[in-house]
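> In the working numbering, the protein residues as written are -13 to 459. Sharing a structure, written as structure tokens. Questions coming.
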Ligand code: GLU
């Protein structure tokens, strides 16, 4: 799933997009350079005994910006991990956090391994050793740098990280806040697993609800009935597809690394997942057309294309073949700047990664707050809300002389659980940030794409923070 353009530098790609937007901000060159620079880069090599051999593992952690602490961003396990990639992803985290008003600097980590080639025991050894290396260099901690899941990692890896960290700092009251995306029993928050996919859904739904935007691309308002192609059925793509389907969108195409499938009448996500589990691939799904070259799936007819896997999957050689009217960047950096230019000229609405996939880090922020406050969301207010609601319902019934139906009563009386509050915080973040971007589009003459507008919002916030820090008197 990588670009055909071998010389492509992801970090330079991010810088190119940054420069395009920086022209519309008021900051002097020095501040812009400081915002752009990666503040700290850690590259480590450590030995791990795998079977009878010792393997030297290459790993990174990049702290792109310290304008707010801790730094925040996932850890990726993939053979594509290299310094340029981790730097680009860390930079995107800075802009992402600023875009959605999550008070962190950007960071990212990566281990250059193919996780499928290791047993869980071996992965645990690698993860724990990586965590100790981060601790040794002061690159992890609740107020320093807080990793999270990313491509190739999940709650399991996060639980190894928190356990290693806690054992290195016995008695640290806030040790659980050293990493997010943990299992619930280890201090995770309900709703984090599906958060990125749900955020993608909320963001695209908001776009589809704005008539002015839909008119630009000649589509009707609303998400129901929209034809969608999703590339990548990992944590982000799977949940995004699930929420789209539940809202009445039609999944016409799905792509994974083994190939893609397409059916204009629609594919049932759970049936495709079951088929993949049974046969080992999404290919040969009943009634669907196969694409042995997965990337071909992206070029099929649809309204909305959701690349939810890796970077640079849409580049200068395939951009013009895209038929979608809207591209929602669920992955980080799925479009190269060349592709971005081509598609903008074609009038495609591109909803940028730094906004659209920010649901993950937003809910990570909620998890971090939960860990620092040592109390589950909803614990204090759930019963109080239920009692108040019961009072209101009773009073309405007394005043009207009518009784509310049982189903409505149940709905009205319910106090919020943790997951309700997390979803509501996420929904509010995605909706308000979407309108912040639209506002920037309107305020800056000459800016026509949402990525540049989002960069303007992010640069303004990080720039002001640097000014306020007094670094540039
Ligand atoms: N890896 C995710 C991202 O790229 C989540 C980061 C986090 O939760 O810190 O945004």
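Where a beta carbon is used, it is the ideal one built from N, C-alpha and C, also for glycine. Model, not experiment: these values are computed from the prediction.
1. Can you determine whether any heavy atom of ligand 1 sits closer than 7 Å to the C-beta of residue 77, and answer yes or no?
2. DSSP three-state label for residue 32, please.
3. At 3 residues or longer, what runs of the beta strand (DSSP E) sit wholly inside the region 306 to 337?
4. Alpha carbon to alpha carbon, what distance is there between residue 178 and residue 349?
5. Going by beta carbon distance, what residues of the same chain come within less than 8 Å of residue 379, once the five residues before and after it are set aside?
6. I'd like to confirm something about residue 263: is its beta-carbon nearer than 7 Å to some heavy atom of ligand 1, or not?
7. Hey, out of 237, 231, 262, 229, whose CA is closest to residue 243's CA?
8. Pull the bridge partners of residue 277 from the DSSP assignment, please.
9. I'd like to confirm something about residue 74: is its beta-carbon nearer than 7 Å to some heavy atom of ligand 1, or not?
10. Could you tell me which of 137, 332, 191, 307 sits nearest to residue 219, measuring between CA atoms?
11. What do you reckon, is the C-beta of residue 91 under 7 Å from a heavy atom of ligand 1?
12. Would residue 95 and residue 47 qualify as a contact pair, given that the criterion is a beta-carbon distance under 8 Å?
13. Under a Cβ-count criterion, where at least 16 other Cβ atoms within 10 Å of its own Cβ denotes burial, should residue 159 be classed as buried or exposed?
14. Under DSSP, the alpha helix (DSSP H) around residue 406 begins and ends at which residues?
15. What would DSSP say about residue 179, mapped onto helix, strand or coil?
16. Extract the residue ranges of the alpha helix (DSSP H) inside the region 114 to 173, only unbroken runs of 4 or more that lie entirely within it.
17. Assuming residue 13 and residue 449 are in contact, meaning their beta carbons sit under 8 Å apart, how far apart are those beta carbons, in whole angstroms?
18. State the beta-bridge partners of residue 206 as determined by DSSP.
19. On a Cα-Cα basis, can you pick out the residue from 216, 191, 430 that is closest to residue 207?
20. What did DSSP end up calling residue 434 once you bin it into helix, strand or coil?
21. Indicate the three-state DSSP secondary structure (helix, strand or coil) for residue 49 in the structure shown.
22. Identify every residue that forms a DSSP beta bridge with residue 57.
23. Give a yes or no on contact between the region 125 to 132 and the region 158 to 172, applying the rule of three or more CB pairs nearer than 8 Å.
24. Measuring only the C-alpha atoms, how far is residue 425 from residue 436?
25. Please list the terminal residues of the continuous beta strand (DSSP E) segment that includes residue 214.
26. Which one of 36, 446, 51 has the shortest CA to CA distance from residue 104?
27. Compute the beta-carbon to beta-carbon distance between residue 336 and residue 326, rounded to the nearest angstrom, for a pair I have assumed lies under 8 Å.
28. For ligand 1, I want to know if residue 82 counts as a neighbour, meaning its beta carbon is within less than 7 Å of at least one of the ligand's heavy atoms.
29. Whose C-beta lies closer than 8 Å to the C-beta of residue 375 among residues of the same chain, with five residues either side of it excluded?
30. Please list the terminal residues of the continuous alpha helix (DSSP H) segment that includes residue 17.
31. Out of 411, 151, 255, point me to the one whose CA is closest to residue 122's CA.
32. Give the DSSP-derived three-state secondary structure of residue 390 in the structure shown.
33. Are the region 348 to 366 and the region 78 to 94 in contact at 8 Å, needing three or more beta carbon pairs?
34. Just to check, is the beta-carbon of residue 347 closer than 7 Å to a non-hydrogen atom of ligand 1?
35. Would you mind reading off the limits of the beta strand (DSSP E) that contains residue 291?
Taking the definition as stated:
1. To locate residue 77, count along the chain shown from 1; it is residue 91. Not so, every heavy atom of ligand 1 lies at least 7 Å from the Cβ.
2. Residue numbering aside, residue 32 sits at position 46 when the chain shown is read from its first letter. In this structure, residue 32 counts as strand in the three-state DSSP scheme.
3. 312 to 314, 335 to 337
4. Along the chain shown, one-based indexing puts residue 349 at 363. Along the chain shown, one-based indexing puts residue 178 at 192. Approximately 6 Å, taken between the alpha carbons.
5. Sequence index remark: in the chain shown, residue 379 carries index 393 (1-based). These residues qualify, in order along the chain: 390, 395, 398, 399.
6. Taking the chain shown and counting its residues from 1, one reaches residue 263 at position 277. Because no heavy atom of ligand 1 lies under 7 Å away, the Cβ of residue 263 does not count as near it: no.
7. Numbered from its first residue, the chain shown carries residue 243 at position 257. Answer by Cα proximity: 262.
8. Position 291 of the chain shown, counted from the first residue, corresponds to residue 277. 246.
9. Sequence index remark: in the chain shown, residue 74 carries index 88 (1-based). No - ligand 1 has no heavy atom lying nearer than 7 Å to the Cβ of residue 74.
10. Stepping through the chain shown from its first residue, residue 219 is reached at position 233. The residue with the shortest Cα to Cα distance from residue 219 is 137.
11. Your numbering for residue 91 matches position 105 in the chain shown. Residue 91: no, Cβ never under 7 Å from ligand 1.
12. The residue given as residue 95 occupies position 109 in the chain shown. The residue given as residue 47 occupies position 61 in the chain shown. In this structure, residue 47 lies closer than 8 Å to residue 95 by Cβ.
13. Within the chain shown, numbered from 1, the residue matching residue 159 stands at position 173. So residue 159 counts as exposed.
14. Position 420 of the chain shown, counted from the first residue, corresponds to residue 406. Where residue 406 is concerned, the enclosing alpha helix (DSSP H) stretches over 404 to 429.
15. The sequence position of residue 179 within the chain shown is 193, counting from 1. Coil.
16. 141 to 154
17. Numbered from 1 along the chain shown, position 27 holds the residue referred to as residue 13. Numbered from 1 along the chain shown, position 463 holds the residue referred to as residue 449. About 4 Å; that satisfies the 8 Å criterion.
18. By one-based count along the chain shown, residue 206 stands at place 220. Per DSSP, none; premise fails for residue 206.
19. The count along the chain shown starts at 1 and reaches residue 207 at position 221. Closest by alpha carbon: 191.
20. As a position in the chain shown, residue 434 is number 448, starting the count at 1. Residue 434: coil per DSSP, three-state reduction.
21. Along the chain shown, one-based indexing puts residue 49 at 63. Strand.
22. As a first step, residue 57 must be located in the chain shown, where it is residue number 71. For residue 57, which the question treats as bridged, DSSP gives the partners 91, 131.
23. yes
24. To locate residue 425, count along the chain shown from 1; it is residue 439. To locate residue 436, count along the chain shown from 1; it is residue 450. Between residue 425 and residue 436, the C-alpha separation is close to 10 Å.
25. Your numbering for residue 214 matches position 228 in the chain shown. Run containing residue 214: 213 to 217, per the beta strand (DSSP E) assignment.
26. Along the chain shown, one-based indexing puts residue 104 at 118. Closest by alpha carbon: 36.
27. Position 350 of the chain shown, counted from the start, is the residue given in the question as residue 336. Position 340 of the chain shown, counted from the start, is the residue given in the question as residue 326. Sure, about 7 Å apart at Cβ, within 8 Å.
28. Taking the first residue of the chain shown as position 1, residue 82 is located at position 96. Yes, since a heavy atom of ligand 1 falls inside the 7 Å radius drawn around the Cβ of residue 82.
29. As a first step, residue 375 is located in the chain shown; it is residue number 389 there, counting from the start. The residues are 398, 399, 400, 401.
30. By 1-based counting over the chain shown, the position of residue 17 is 31. Where residue 17 is concerned, the enclosing alpha helix (DSSP H) stretches over 15 to 22.
31. Here the question's residue 122 lines up with position 136 in the chain shown. Nearest C-alpha to residue 122: 151.
32. As a first step, residue 390 must be located in the chain shown, where it is residue number 404. Looking at residue 390 - three-state DSSP - the assignment turns out to be coil, as it is neither helix nor strand.
33. yes
34. Along the chain shown, read from residue 1 onward, the residue named residue 347 stands at position 361. Yes; taking the cut-off as 7 Å, the Cβ of residue 347 has a heavy atom of ligand 1 nearer than that.
35. Within the chain shown, the letter at position 305 stands for residue 291. First-last of the beta strand (DSSP E) with residue 291: 290 to 293.
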